[in-house]
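Chains as they are written, first to last, in numbering that gives the first Met the number 0: chain C, 0 to 92; chain S, 0 to 92; chain F, 0 to 92; chain P, 0 to 92. Note that CB positions come from ideal geometry on N, CA and C, so glycine has one too. Just so it is clear, the structure is predicted and the values come from calculations on it, not from any experiment. For reference, the structure is listed below as structure tokens.
There are 4 protein chains.
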Amino acid sequence: MHGYADNKEAHLRRLRRIEGQIRGLQRMIDEDKYCIDILTQISAATRALQAVSLSLLDEHLRHCVTDAIAEGGAGADEKIKEAGDAIARLVRS
Amino acid sequence: MHGYADNKEAHLRRLRRIEGQIRGLQRMIDEDKYCIDILTQISAATRALQAVSLSLLDEHLRHCVTDAIAEGGAGADEKIKEAGDAIARLVRS
Amino acid sequence: MHGYADNKEAHLRRLRRIEGQIRGLQRMIDEDKYCIDILTQISAATRALQAVSLSLLDEHLRHCVTDAIAEGGAGADEKIKEAGDAIARLVRS
Amino acid sequence: MHGYADNKEAHLRRLRRIEGQIRGLQRMIDEDKYCIDILTQISAATRALQAVSLSLLDEHLRHCVTDAIAEGGAGADEKIKEAGDAIARLVRS
Chain C
0 MHGYADNKEA HLRRLRRIEG QIRGLQRMID EDKYCIDILT QISAATRALQ AVSLSLLDEH
60 LRHCVTDAIA EGGAGADEKI KEAGDAIARL VRS
Chain S
0 MHGYADNKEA HLRRLRRIEG QIRGLQRMID EDKYCIDILT QISAATRALQ AVSLSLLDEH
60 LRHCVTDAIA EGGAGADEKI KEAGDAIARL VRS
Chain F
0 MHGYADNKEA HLRRLRRIEG QIRGLQRMID EDKYCIDILT QISAATRALQ AVSLSLLDEH
60 LRHCVTDAIA EGGAGADEKI KEAGDAIARL VRS
Chain P
0 MHGYADNKEA HLRRLRRIEG QIRGLQRMID EDKYCIDILT QISAATRALQ AVSLSLLDEH
60 LRHCVTDAIA EGGAGADEKI KEAGDAIARL VRS
């Protein structure tokens, strides 16, 4: 089981809403909506995706990383390196 | 007609692919995939959304803003202000 | 003369303040301040740098790009491509 | 002592280099350099600041958060919440 197990339904709900936003974007382009309005909606979808990331990452630190540290050994080091890499990808995307 | 009219199909294709990525994320969570792998996929979807934004924005400058400037008058000022606001939202999201 | 000529003093003032923030960060590390407080100050300096970027970019669109479009010809195309590349670097950094 | 104690000199060196970049930006504006070249240098300084953040954050996880988890108790929870908030500020700036 992973860190996000307790909030699976909440994450799925958020992702379904984001899927709806992406379909809404296709509709906007299909109906020749104004570019700036489309850009505003893309920013909203991007921020919603970031919120999912930040919440998954928080649960990852709170469970997977915490467990690995409590167990001690080389596993903890590896988990922290992995989390650091994921944070870097998030910050740079 | 807006700036992106010539590339409507290309934008729709990219957004359909992003919609598929978002559905893939739901499947990953549903199948209890590893948090870090999910985060990697979210970063990929975020970058794909940004690429759509940058391409829409480029076309907006190239057509809508260019036309408004060529026409002259207060319309150009407003269009540039609007584009600047959209860029700021993009940079901060 | 470039787009930002009218606001040179304002930009210099902002950059001097950011330089002060960077010196403050060195002092914080030198005095062993708490990591999280240092991170908060780095976020503030990053946002201040972004604000300078967005304001330079706005003036660039408002002057350099607008002039190139008004003159017509291939120069306008090149200026818009250059601005688009700068926006992409900004969004991705 | 904080997480970054072992790398104090490396962080100070990086921040002094960033301070130099910010002074270089002032010189560029003072000498009326081209807007786009200034924007390129701001993106470079922003990325350098982000690299300092990511490295401080990594050390924070590796030391402060790890120690709090090893000690157990409510302190660990608080440290993870604090780290999560710092990551969110970083991602959104």
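8 Å Cβ shell around residue i - same chain, five flanking residues per side excluded
i: C/ILE28; result: ILE37
i: P/GLY23; result: GLN40
i: C/ARG46; result: none
i: F/LYS7; result: none
Neighbour flag for residue i against chain F, beta carbons, 9 Å
i: P/ILE41; result: yes
i: P/ALA73; result: no
i: P/ALA82; result: yes
i: P/ILE28; result: yes
i: S/ARG91; result: yes
i: S/GLN49; result: yes
i: S/ALA87; result: yes
i: S/LEU53; result: yes
i: P/ILE21; result: yes
Cβ-Cβ separation, residue j to residue i (assumed contact under 8 Å), whole Å
i: C/ALA44; j: C/GLN20; result: 4 Å
i: P/ALA79; j: P/LEU48; result: Residue 79 of chain P is actually Ile in this sequence, not Ala. About 24 Å; that fails the 8 Å criterion.
i: C/ILE86; j: P/LEU55; result: C/ILE86 to P/LEU55, Cβ: 12 Å. No contact.
i: S/LEU89; j: C/SER42; result: 6 Å
i: F/GLU70; j: P/ILE35; result: The Cβ separation is near 18 Å, so there is no contact.
Unbroken alpha helix (DSSP H) run spanning residue i, endpoints
i: F/GLY2; result: Per DSSP, F/GLY2 belongs to no alpha helix (DSSP H) and is neither H nor E.
i: S/SER92; result: Element bounds for S/SER92: n/a, residue is neither H nor E.
i: P/LEU60; result: No alpha helix (DSSP H) contains P/LEU60, which DSSP labels as neither H nor E.
i: P/ASP29; result: 7 to 29
CB contact check: residue i to chain P, cutoff 9 Å
i: F/THR45; result: yes
i: C/ILE17; result: no
i: C/ASP76; result: yes
Residues near residue i by beta carbon distance below 7 Å, same chain, minus five either side
i: C/ALA67; result: GLY74, ALA75 and LYS78
i: C/GLY2; result: GLU58, HIS59, ARG61, HIS62 and CYS63
i: C/VAL51; result: HIS10, ARG13 and LEU14
i: F/GLY72; result: none
i: S/ASP84; result: none
C-beta neighbour in chain S for residue i, strict 9 Å
i: C/ASP66; result: no
i: F/LEU14; result: no
i: C/GLU70; result: no
Same chain, Cβ closer than 6 Å to residue i, neighbours up to 5 away in sequence not counted
i: P/ASP31; result: none
i: S/ALA4; result: none
Within-9 Å CB hit, residue i to chain C
i: P/LEU60; result: yes
i: S/ASP31; result: yes
i: P/ASP57; result: yes
i: S/ILE79; result: no
*How do the segment 6 to 23 of chain P and the segment 56 to 63 of chain F stand: do at least 3 beta-carbon pairs fall below 8 Å, yes or no?*
no
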